[in-house]
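2 protein chains.
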Amino acid sequence: MKKKITIRDLAREAGVSVTTVSQILNNKGDRFSAATQEKVLALRDKYKYVPDFNARNLILKSAKTIGVLVPNIANPFFGTFIEGVQSIAREAEFIPLVFSANRDPKLEKYYLSQMIERSISGLVIASATMTTETIKEVISFNDIPYILFDQNHTQEGDRVQTNDYLGGQIAARHLIELGHKHIAVLTSDNPTENLNHRMNGFKNVIDENRLTIDAHHDVIRAPLTKDGGYKAAKKVYETGASAVFAANDEMAIGLLRGLHELGVQVPDDISVIGYDNIYWDDYVSPRLTTVQQPIFDLGAGATKMLIEQIDHNSNGARVQNFPVKLIKRNSTSSYRQK
Amino acid sequence: MKKKITIRDLAREAGVSVTTVSQILNNKGDRFSAATQEKVLALRDKYKYVPDFNARNLILKSAKTIGVLVPNIANPFFGTFIEGVQSIAREAEFIPLVFSANRDPKLEKYYLSQMIERSISGLVIASATMTTETIKEVISFNDIPYILFDQNHTQEGDRVQTNDYLGGQIAARHLIELGHKHIAVLTSDNPTENLNHRMNGFKNVIDENRLTIDAHHDVIRAPLTKDGGYKAAKKVYETGASAVFAANDEMAIGLLRGLHELGVQVPDDISVIGYDNIYWDDYVSPRLTTVQQPIFDLGAGATKMLIEQIDHNSNGARVQNFPVKLIKRNSTSSYRQK
């Protein structure tokens, strides 16, 4: 049997790339010269080329790309979030492209414009620095479907979220049930709105229990990173508190290291509770008690919602809520008089 | 969906040609009157016009985008690698788009074709599953500049690399200098070629020192993950070895957790050395001794090389080597008779 002519043979004989041939044969060849287009079509006729179904399928599905904007790819929280996005995107045959502008709003806006130029099908925006202005000017204006997560200051558009206020309450209740009365807080020096909710929920339960957190002495502020928590350890210890709520797990894990180096025993000398339930919590010592956000599910849920939007061409202000809950491990224990 | 504003709409409303609009919007409009330039720019702002990719491609040759293919975004090794890529891409005004096909060669090939259709400027390929066939058929054939890292079976194309054989030797020398004689190895159940080099270097030094690693009893195989290391802890302990070399840090960190739960003291009962120097090594207990790969620099170096390739249109088989070195922390100590 004669060997079947492939798209590769055509490309070779025409002296162009496979992509060029495929685009011309699929009537998407406008950007190539008339001479190139004619050469390719003539070769198709000469060899009576019939596109291979699979090869063709590869090309016709080409528009389906989801952009995923995160503040920091190296943060394990967003690593897990992206895995959730990928699981759904893959099923639905979308390609997820991840980009990160490290919380620089100008760069975010620029990258977004570039994504839109490349005919992205939709966007999952998990960056708290994205401004309402950018969403309106760049995204909505171009009718790009999008889903928001961890947004600061806008109430527009479909979104996935967790209840940060409740999460803060859960953390406070846990420490109070363990008998702690002098409690410190380690939080961001530049808090986003969801962090404020988290801290307000925490303080609400403290107040209800007629305890106080002295804003000057018991609230320590630092960057929301492992290093931030690590360097704040001495200040946290000097509050004299028997328990501390760290605003996220990265910070809490840094704090554990700092306290260890100071010779402070966790949880015997001080209980530590974090927030997020990143997958590293099981690998530090002691294993970290925390409030779980269902990170993978948030990424998957956002992507499901986005694909519905793309398929049905609808965007309202739908909100999907995901639950938070206490994960008790070894970094918290009952209050003991020293 | 609302109709997207096109360059043609702008031209019509401004009463000028499409070419005039495109040249003005691309800062090549010097030859037109100030009034014309202002009119076009005002219309762009009024309609928040984002140039369409294909239209723009006709005029501007390059849309500057770098695709970064990694096996797993959630792995902190690749998180740091990507940060290195971003640092250089940002300086050179390229947009890095990260994609991950979780070590599925078919999916990798499909994603790559899609990137190429979207006129990506170049690729950093940090996936050991990428086949020579895919590189030839999809990437080289389309004349896409690319850089390889951690490649298995191809010797073609520019690449960045570290000396895995030397890294393995460094790990073995460290343990032997500490006086260990019975040494175990915890390695992958599905090793890539660079891992084999690493293990061969390790064994070379063991042999030189007239020690032996019993292939049946002292070599434990598990998935190359934290969970893999965690679940292998009992087997590692049962070798009776006084020291163990884990093939990467994720595995070593899982092993530390597993040994801790078994009541085995590290390094008093057994010394543990890892490989990579991921940023979590400082946050586990005890802090992990390891062989450092300069992960951020590898990402940055690959990207510098790629941008040179894009700018100068050259691809040979240039190889840039990056150093490895011992990072001594607290998980290894001198051999003590039990």
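First to last, the sequence lines map onto chains D and R. Letter by letter, the first sequence follows residues 294 to 631 of the working numbering. Letter by letter, the second sequence follows residues 294 to 631 of the working numbering. Using N, Cα and C, we set each Cβ at its ideal position, and we do this for glycine too.
For residue i, which option in the options has the closest C-alpha, if you only look at C-alpha atoms?
i: F589(D); options: S578(D), T455(D) and L471(D); result: T455(D)
i: I571(D); options: P560(D), S578(D) and Q585(D); result: Q585(D)
i: R466(R); options: F434(R), N502(R), V529(R) and I428(R); result: N502(R)
i: D511(R); options: I476(R), L517(R), D520(R) and R491(R); result: I476(R)
i: L416(D); options: R452(D), P398(D) and E426(D); result: R452(D)
i: L581(D); options: V537(D), Y403(D), G592(D) and V314(D); result: V537(D)
i: K357(D); options: E386(D), L619(D) and G522(D); result: E386(D)
i: K527(R); options: R550(R), V391(R), P587(R) and T505(R); result: R550(R)
i: N489(D); options: R514(D), G592(D) and G547(D); result: R514(D)
i: H605(D); options: A419(D), P438(D), Q330(D) and L390(D); result: P438(D)
i: P389(D); options: I413(D), K524(D) and G360(D); result: G360(D)
i: D436(R); options: I620(D), Q602(D) and A304(D); result: A304(D)
i: P484(D); options: L468(D), A421(D), T427(D) and K474(D); result: A421(D)
i: L504(D); options: R491(D), K474(D) and T480(D); result: K474(D)
i: S564(R); options: Q316(R), V529(R), Y576(R) and V617(R); result: V529(R)
i: G567(R); options: K621(R), G372(R), S326(R) and A307(R); result: K621(R)
i: F442(R); options: K339(R), N614(R) and S414(R); result: N614(R)
i: I600(D); options: A382(D), W573(D), V478(D) and R301(D); result: A382(D)
i: L548(R); options: A534(R), A525(R), Y576(R) and R337(R); result: A525(R)
i: D457(D); options: M492(D), V311(D) and S481(D); result: M492(D)
i: E470(D); options: P516(D), T299(D) and L619(D); result: L619(D)
i: G372(R); options: K341(R), S326(R) and G592(R); result: G592(R)
Quick one: which chain D residues come within Cβ less than 9 Å of residue i?
i: V617(R); result: Within chain D, no residue comes near V617(R); the closest Cβ sits about 21 Å away, beyond 9 Å.
For residue i, list the residues DSSP reports as bridge partners.
i: K618(D); result: Q585(D)
i: D569(D); result: Q585(D)
i: P516(D); result: DSSP, once it has assigned bridges, lists no residue as partnering P516(D).
i: P389(D); result: I359(D)
i: D613(R); result: Note that residue 613(R) is Gln in the sequence shown, not Asp. Beta-bridge pairing links Q613(R) to V453(R).
i: V417(R); result: V361(R) and I440(R)
i: A477(R); result: V537(R)
i: S564(R); result: A536(R)
Anything in chain D within Cβ reach of residue i, meaning under 8 Å, just list it in chain order.
i: Y568(R); result: The premise fails here: Y568(R) is roughly 17 Å from chain D at the closest Cβ pair, so nothing lies under 8 Å.
i: F392(R); result: I388, P389, L390 and V391
Run through chain R and tell me which residues come within less than 7 Å of residue i, C-beta to C-beta.
i: E430(D); result: K341
i: H473(D); result: Per Cβ cutoff of 7 Å: no residues; H473(D) is ~24 Å from chain R at best.
i: T312(D); result: I409, E410 and N435
i: I546(D); result: Y576
i: Y404(D); result: I388
Can you pull the chain R residues whose beta carbon is under 8 Å from the beta carbon of residue i, in chain order?
i: H605(D); result: What H605(D) touches in chain R: nothing, since even the nearest Cβ is about 11 Å away.
May I ask you to verify whether the region 594-608 of chain R touches the region 373-393 of chain R, counting CB pairs closer than 8 Å and requiring at least 3?
-> yes
Segment contact flag, the region 599-609 of chain R with the region 532-548 of chain R, C-beta cutoff 8 Å, min 3 pairs = no
Give a yes or no on contact between the region 487-502 of chain D and the region 546-560 of chain D, applying the rule of three or more CB pairs nearer than 8 Å.
-> no
Within the chosen definition, does the region 557-567 of chain R reach the region 619-629 of chain R through at least 3 CB pairs nearer than 8 Å?
-> yes
Looking at C-beta atoms only, is the number of pairs between the region 397-410 of chain R and the region 428-437 of chain R that lie closer than 8 Å three or more?
-> yes
Got a sec: which bits of the region 366-385 of chain R sit with their beta carbon under 8 Å from any beta carbon on chain D, in order along the chain?
-> I366, A367, N368, P369, G372, T373, I375, E376, Q379 and R383
Note down, in chain order, all residues in the region 493-518 of chain D with a beta-carbon under 8 Å from any beta-carbon belonging to chain R.
-> none
Any residues in the region 449-470 of chain D with a beta carbon nearer than 8 Å to a beta carbon of chain R? Which ones, in chain order?
-> none
Proximal residues, the region 526-560 of chain R versus chain D, C-beta separation under 8 Å = I546, G547, L549, R550 and H553
Report yes or no: do three or more beta-carbon pairs, one from the region 456-464 of chain R and one from the region 505-519 of chain R, lie closer than 8 Å?
-> no
Touch check for the region 393-401 of chain D and the region 308-326 of chain D: three-plus C-beta pairs under 8 Å?
-> no
Given 8 Å as the limit, is there contact between the region 360-376 of chain R and the region 388-396 of chain R, that is, 3 or more CB pairs closer than that?
-> yes
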